[in-house]
Amino acid sequence: MNKQEIINIIKAKAADKIRYFENLIAETRASNNDTKSSMGDKYETGREMLQQEINNLQRQLNEVLSQQAVLQKITSDPSEKVQNGALVKTDKGLFYIAASMGEIVFENQKIMTVSAESPLVKVMYGKKTGETFTVNTIHQTIENIW
Numbered sequence: 001m002n003k004q005e006i007i008n009i010i011k012a013k014a015a016d017k018i019r020y021f022e023n024l025i026a027e028t029r030a031s032n033n034d035t036k037s038s039m040g041d042k043y044e045t046g047r048e049m050l051q052q053e054i055n056n057l058q059r060q061l062n063e064v065l066s067q068q069a070v071l072q073k074i075t076s077d078p079s080e081k082v083q084n085g086a087l088v089k090t091d092k093g094l095f096y097i098a099a100s101m102g103e104i105v106f107e108n109q110k111i112m113t114v115s116a117e118s119p120l121v122k123v124m125y126g127k128k129t130g131e132t133f134t135v136n137t138i139h140q141t142i143e144n145i146w
């Protein structure tokens with residue numbers, strides 16, 4: 001498995017999400033400015049709802065920006081145990097431990113990107129090939145780590 005290519009895919013996905021949220025925030029701000037006419041207090045509620053939406057989008061953008069910062073620290077060095085930057089194959093699937101960016105497809109294989117803070121990773125952290133663990137009554141065996 002080429003971990004550097006996987007990292008590049010995940011970084012591109014993060015960059016796409018950042019652009020998406022930045023554009024959405026800009027569009028929402030523009031529509032908020034459109035309501036700033038002299039129509040009166042009737043539109044204050046609508047403007048407040050738009051501001052809350054902007055705040056919500058900004059929070060989501062900040063989350064993706066912090067995930068991107070984590071991704072910048074990830075290297076493609078091989079791993080012997082489950083840790084940040086490890087690509088882990090269990091009997092249930094492939095997991096890339098970096099930032100939670102959802103599922104990606106690499107060489108026709110589905111890889112779930114997960115944060116080191118996720119319950120799954122917390123249980124398997126530090127384990128090596130051949131070891132087993134259980135999350136939510138689902139038993140998994142680590143088959144390989146890159």
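Sequential numbering from 1 applies to the sequence shown in UniProt numbering. Note that the Cβ used here is the ideal one computed from N, Cα and C, for glycine as well. Predicted model, so just to flag it, every value in this text is computed and none were measured.
- Message: DSSP has E103 in a bridge; who is on the other side?
- Response: E103 is bridged to M112.
- For K3, is the classification buried or exposed, using 16 other Cβ atoms within 10 angstroms of its Cβ as the cut-off for buried? Buried is the call here.
- Look at E143 and T132 and say whether their C-beta atoms are less than 8 angstroms apart. The answer is no: Cβ separation not under 8 angstroms.
- Query: Relative to the alpha-carbon of N108, which residue among A98, E117, G93 has its alpha-carbon at the smallest distance?
  - Reply: Relative to the Cα of N108, the nearest Cα in the group A98, E117, G93 belongs to G93.
- Query: Under the rule that 16 or more other beta-carbon atoms within 10 Å means buried, what is M124, buried or exposed?
  - Reply: Burial is judged here by how many other beta carbons sit within 10 angstroms of a residue's own beta carbon; M124 has at least 16 and is buried.
- Query: Along the chain, where does the alpha helix (DSSP H) that runs through K122 open and close?
  - Reply: Taken as a continuous stretch (DSSP letters only), the alpha helix (DSSP H) holding K122 covers 119–124.
- Task: Could you pull out every residue in the same chain whose Cβ sits closer than 8 angstroms to the Cβ of K81, ignoring the five residues on either side in sequence?
- Result: Answer for K81: G126, K127, K128, I145, listed in chain order.
- Query: Do you know how far the Cα of E22 is from the Cα of Q68?
  - Reply: Computed Cα separation, rounded: 14 angstroms.
- Does DSSP put Q140 in a helix, a strand or coil? Here Q140 carries a strand assignment [DSSP, helix/strand/coil].
- Taking the C-alpha atoms as reference points, what is the distance between F95 and S115? Each residue's alpha carbon lies about 10 angstroms from the other.
- Evaluate G85 with the Cβ neighbour count: other Cβ atoms within 10 Å of its Cβ, from every protein chain shown; 16 or more gives buried, anything less gives exposed. A residue is called buried once 16 or more other Cβ atoms fall within 10 Å of its Cβ, and G85 is buried on that count.
- Query: Among I111, G102, I104, T75, which has the Cα closest to the Cα of K89?
  - Reply: When each option's Cα is compared against that of K89, the closest is I111.
- Query: What residue from E44, E27, L71 has the CA that sits closest to A15's CA?
  - Reply: Nearest to A15 by alpha-carbon distance, out of E44, E27, L71, is L71.
- Task: Have a look at Q51 and A98 and give me their C-alpha separation to the nearest angstrom.
- Result: Approximately 32 angstroms, taken between the alpha carbons.
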